[in-house]
Structure formats: structure tokens, C-alpha cells
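In the numbering used here, the protein residues as written are 112 to 234.
All C-beta atoms, glycine included, are put in the ideal place defined by N, C-alpha and C.
See structure below.
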């Protein structure tokens with residue numbers, strides 16, 4: 112069994128570019144995490160990446176977590192987005208049992224990028 116797995120984090124580092132233009136790292140843009148049972152995605156806390164471009168998607172959306180660096184972390188930095196495993200489990204509706212802790216569990220993460228927000232990308 113792995114104790115404390117929930118406080119471990121994943122770091123998502125993305126760089127957006129086209130054949131003619133480099134748009135920049137994901138840390139420059141507002142990120143969101145979609146909960147399995149909610150229609151509005153939650154914002155990734157941009158506390159450490161104050162240069163994040165505002166998004167027209169939904170600035171009033173709740174935060175997906177905090178920026179403590181421990182469990183329940185969901186924060187943007189200049190490097191990328193840190194999301195703790197407990198946030199990913201919560202977003203997927205997973206509550207680990209002792210059996211799952213010892214036997215393991217598969218978690219599929221789907222990352223979607225869009226430039227369909229006219230106010231975000233087109234001028």
C-alpha cells in the first residue's frame with residue numbers, strides 16, 4: 112500500500128506553438144480542471160503565475176484547489192501546472208479504499224486544449 116499518495120503531485124508542462132508562431136508555455140494561460148459531476152470547470156489557482164492571461168471562459172469559476180504545495184494543490188507556476196493526486200481523485204469521483212490502496216487503481220487523465228474562446232486568442 113502507498114500511504115500519502117494523495118499529497119503527491121503531477122506537473123503538467125505544455126508549450127503551445129504553430130508552424131509559424133510560438134504562443135508560449137501553458138503557465139501563461141488560465142487552466143481549468145473538470146469535475147466528473149459538474150458542468151463548469153474549476154480554475155487552476157494562478158497564485159504563483161501572476162502573469163496568467165485572463166480567460167473569457169469563466170473567471171467566476173471556483174478554484175480547483177489551493178497553492179500550499181501539499182495535498183489539495185491545484186496551482187499554476189511559471190514552470191507549469193501542479194495538481195495533487197487527491198484533486199485528480201476528487202475530480203474523478205474516486206475515494207480510495209484500503210483494497211484499492213494495496214491493489215492499485217488506474218486513472219486516465221484527458222487533457223484538452225482549445226482556442227475557441229474568441230476573446231482569448233483572436234484579435
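Self-check item: First through last residue of the alpha helix (DSSP H) which encompasses residue 121
Solution: Element bounds for residue 121: not the alpha helix (DSSP H) but the beta strand (DSSP E), 120 to 123.
Quiz item: In whole angstroms, what is the alpha-carbon distance linking residue 171 and residue 148?
Solution: Using only the alpha carbons, I get a separation of about 18 Å.
Self-check item: Where residue 220 falls, given that 16 or more other Cβ within 10 Å makes a residue buried
Solution: Taking all protein chains shown into account, residue 220 has fewer than 16 neighbouring C-beta atoms within 10 Å of its C-beta and is therefore exposed.
Quiz item: Quick one: what's got a C-beta closer than 7 Å to residue 153's C-beta in the same chain, skipping five residues either side?
Solution: Answer for residue 153: 143, 144, 146, 172, 173, 174 and 175, listed in chain order.
Quiz item: At what residue ranges does the segment 175 to 203 contain a whole run of the beta strand (DSSP E), taking only runs of 3 or more?
Solution: Within the segment 175 to 203, the complete beta strand (DSSP E) runs of at least 3 residues are 185 to 187 and 192 to 195.
Quiz item: Taking buried to mean at least 16 other C-beta atoms within 10 Å of its own C-beta, is residue 216 buried or exposed?
Solution: Looking at its Cβ environment, which holds fewer than 16 other Cβ atoms inside 10 Å, residue 216 is exposed.
Quiz prompt | Same chain, Cβ closer than 8 Å to residue 119, neighbours up to 5 away in sequence not counted | solution = Counting only Cβ-Cβ distances below 8 Å, and skipping sequence neighbours, we find 195 and 196.
Exercise. Pick helix, strand or coil for residue 172, following the three-state DSSP scheme.
Key: DSSP, reduced to helix, strand and coil, places residue 172 outside both helices and strands of the structure shown, so it counts as coil.
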